[in-house]
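J.: This is the structure, below, for whatever I ask next.
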Amino acid sequence: MYTAALFDLDGTLIDTEPRSHEAWSRLFRNHGVPHDDAVIRGFAGRPPREALLDHLPSFPGRTVEELFAEALAYTTLPDMPPVGAIPGALDLLARLRRSGVPLGLVTSGTRDYARHELGAVGALDLFDVLVTSDDVSRGKPDPEGCLMCCAALGVSPADVVVFEDAPAGVAAAKSAGADCVAITSTQSAEALAAADLIVPDLTGMTWPPPTPAMTAATRTEV
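Residue numbering for the sequence shown follows the working numbering, beginning at 1028 and increasing consecutively.
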C-alpha cells in the first residue's frame, strides 16, 4: 500500500506551461537566438539555471543569472498566458489531505516561486514538505529532491507515488525507486513512457492510483 504522495508543481498541479513556453521563447527571440519547439520543451521539469547552461554559448556576454532573471521578468507581464490549476489537482490534494496521506512537493522552481504559485491556487497549506531547487545540489532527473522529500516525510520511496509531467521528473522518480503517474499536460505519452501510469490530467484520480504495484484486491479508494 502506498503511504505518501509526491507532486511536481508546474504542469502537474498548475498549468504554467503556456506561460513558461512563451517566456522562454521570448528570451530566445529577443536575443535573436534560433530555437524550435523541442528546444523550449527541453526546459520542462528541469531547474531553469541548469537548462540555461546548455544554451549559454548562444547568448554571448550573458550570464545564467542574467538570462534567468530576464525570463522570470517576462512571466509577470500582463500579456502572458494565464495560470490555473490542472483539472482534478485541487480535488485530489484535498481528498488526500482529509484522508491523512502525507503530501510532499518536489519542484525545480525556487521556494519563493513554489509558495507563491501554491498560494495563488489555495494549495500551500495542503503540503507537509516542500523541496525546491533551493534545497538540492542536483536537479531532476537526479533523484536527490525525491529522496530528500521521502526522508523528510519519513517514508520509503518504494511506498510512494510521484505525480509528474516531464521526462526529467519521471526519471527522477524512477531513479529514486518510486512509482510514477505521468500527466500529459506538457509532453506526449511517448515521452513519458517510463512512468507506471499515464493520464491526461488528475480528474477522477483515485487513491491509490491504478499502477501495476497496486492490485484490485488491495485497493481502498479515497
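Think of the CB as a built atom: it goes at the ideal place given N, C-alpha and C, for glycine as much as any other residue. Since the model is a prediction, treat every value here as computed from it, not as a measurement.
Thinking C-alpha only, which one of His1058, Ser1135, Glu1049, Leu1120 is nearest Met1107?
T.: Selected option, being the one with the closest Cα: Glu1049.
J.: Distance check for Val1148 and Gly1111, CA to CA, integer angstroms please.
T.: If you take the alpha carbons of Gly1111 and Val1148, they lie about 7 Å apart.
J.: Pick from Cys1177, Met1028, Gly1038, Tyr1029: whose alpha carbon is nearest that of Glu1191?
T.: Residue Gly1038 is the option with its Cα nearest to Glu1191.
J.: In three-state DSSP terms, what is Val1226?
T.: Looking at Val1226 - three-state DSSP - the assignment turns out to be strand.
J.: Among Leu1054, Leu1130, Leu1036, Gly1059, which one has its Cα closest to the Cα of Glu1097?
T.: The option with the nearest alpha carbon to Glu1097 is Leu1054.
J.: Rounded to whole angstroms, what is the Cα-Cα separation between Ala1078 and Phe1070?
T.: Their backbone Cα atoms lie some 6 Å apart in a straight line.
J.: Check whether the Cβ atoms of Lys1201 and Ala1178 sit closer than 8 Å, and answer yes or no.
T.: No, Cβ-Cβ distance for Lys1201 and Ala1178 is not below 8 Å.
J.: Taking all protein chains shown into account, decide if Gly1136 is buried (16 or more other Cβ within 10 angstroms of its Cβ) or exposed.
T.: Gly1136 should be labelled buried.
J.: Write down the C-beta distance between Ser1164 and Glu1171 rounded to the nearest angstrom, noting that I regard them as a contact closer than 8 Å.
T.: Yes, Ser1164 and Glu1171 are in contact; Cβ-Cβ is about 7 Å, under 8 Å.
J.: Rounded to a whole number of angstroms, what is the C-alpha to C-alpha distance between Thr1245 and Val1188?
T.: The predicted position of Thr1245 is uncertain, since its pLDDT is 44 and thus under 50; no value can be drawn from it.
J.: In whole angstroms, what is the alpha-carbon distance linking Arg1125 and Pro1087?
T.: Their Cα atoms are separated by approximately 52 Å.
J.: Under the three-state reduction of DSSP, which class applies to Gly1231: helix, strand or coil?
T.: Three-state result, Gly1231: coil.
J.: What are the partner residues of Pro1207, as DSSP defines its beta bridges?
T.: Before going further, note that residue 1207 is Cys rather than Pro in the sequence given. Paired residue(s): Val1189.
J.: What does the alpha-carbon distance come out to for the pair Leu1119 and Gly1204?
T.: For Leu1119 and Gly1204, the distance between alpha carbons rounds to 23 Å.
J.: Nearest CA to the CA of Asp1139: which residue from Tyr1029, Ala1031, Leu1036, Thr1030?
T.: Of the candidates Tyr1029, Ala1031, Leu1036, Thr1030, the one whose C-alpha sits nearest the C-alpha of Asp1139 is Leu1036.
J.: Does the beta-carbon distance from Leu1180 to Val1156 come in below 8 Å?
T.: Against a cut-off of 8 Å, the Cβ pair of Val1156 and Leu1180 comes out as a contact.
J.: By how many angstroms is the C-alpha of Gly1166 removed from the C-alpha of Phe1095?
T.: Roughly 16 Å separates the two Cα atoms.
J.: For Val1133, which beta-bridge partners are listed by DSSP?
T.: Answer by DSSP bridge pairing, in chain order: Val1158.
J.: Report the option in Ala1185, Leu1219, Thr1233 whose CA atom is closest to the CA atom of Gly1072.
T.: Among Ala1185, Leu1219, Thr1233, the Cα nearest to that of Gly1072 belongs to Leu1219.
J.: Go ahead and pull the three-state DSSP assignment for Thr1247.
T.: Residue confidence is low: Thr1247 scores 46 on pLDDT, short of 50, so the model does not pin down where it sits. No coordinate-derived value is stated.
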